[in-house]
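Engineer: Counting along the sequence shown from 1, when you hit position 24 you're at 23 in numbering that gives the first Met the number 0, and nothing is skipped either side.
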Amino acid sequence: MYDKLYDETENVKVKFVGFMTDDVRYDFGIVYTNAFFGKPLVVCMQTGRSAVLCQEDVENVEHLQQLFKIDSDKEAVDLSEYFKYLLPHAVGGPEAE
């Protein structure tokens, strides 16, 4: 037996971005949705790792580094800066506080 928590269908905007820093290539799919308090789902196309993120989340460089298994502190900072231009601010709900 199970309790259904949600079952939603939504047409979403997906943006695919590929870019290089000094040492690493990145390929991400960013799914902009109304779910998750308006935060997009960010998927690394190389590793399959994903996270629901907004601008405020990517300011925590250590967390970003752990999420996407980034070896270099500099690379994590570079990725954080890039995401700040792509991701929206949190729009509400408990995670925005």
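We treat Cβ as the ideally placed atom computed from N, Cα and C, and that holds for glycine.
(1) Is it the case that the stretch 3-20 contacts the stretch 54-66, given that we only count it when at least three CB pairs across the two stretches are under 8 Å?
(2) Starting from G17, follow its DSSP beta bridges and name the residues at the other end.
(3) Do V13 and I29 count as a contact pair if the criterion is CB distance below 8 Å?
(4) Less than 8 Å between the C-beta atoms of F36 and A89, yes or no?
(5) Could you give the DSSP three-state label for E96: helix, strand or coil?
Structural biologist: On the basis of the data shown:
(1) No, the stretch 54-66 is not in contact with the stretch 3-20.
(2) Here residue 17 refers to the residue found at position 18 of the sequence shown. Beta-bridge pairing links G17 to D26.
(3) Along the sequence shown, read from residue 1 onward, the residue named residue 29 stands at position 30. Along the sequence shown, read from residue 1 onward, the residue named residue 13 stands at position 14. Result yes, Cβ atoms of I29 and V13 sit closer than 8 Å.
(4) Residue numbering aside, residue 36 sits at position 37 when the sequence shown is read from its first letter. Residue numbering aside, residue 89 sits at position 90 when the sequence shown is read from its first letter. Contact: yes.
(5) Here residue 96 refers to the residue found at position 97 when the sequence shown is read from its first residue. Confidence at E96 is low in this model, with a pLDDT of 34, below 50, so the placement of that residue should be treated as unreliable; the coordinate-derived value is given next. In the three-state scheme derived from DSSP, where H, G and I count as helix and E and B as strand, E96 is classed as coil.
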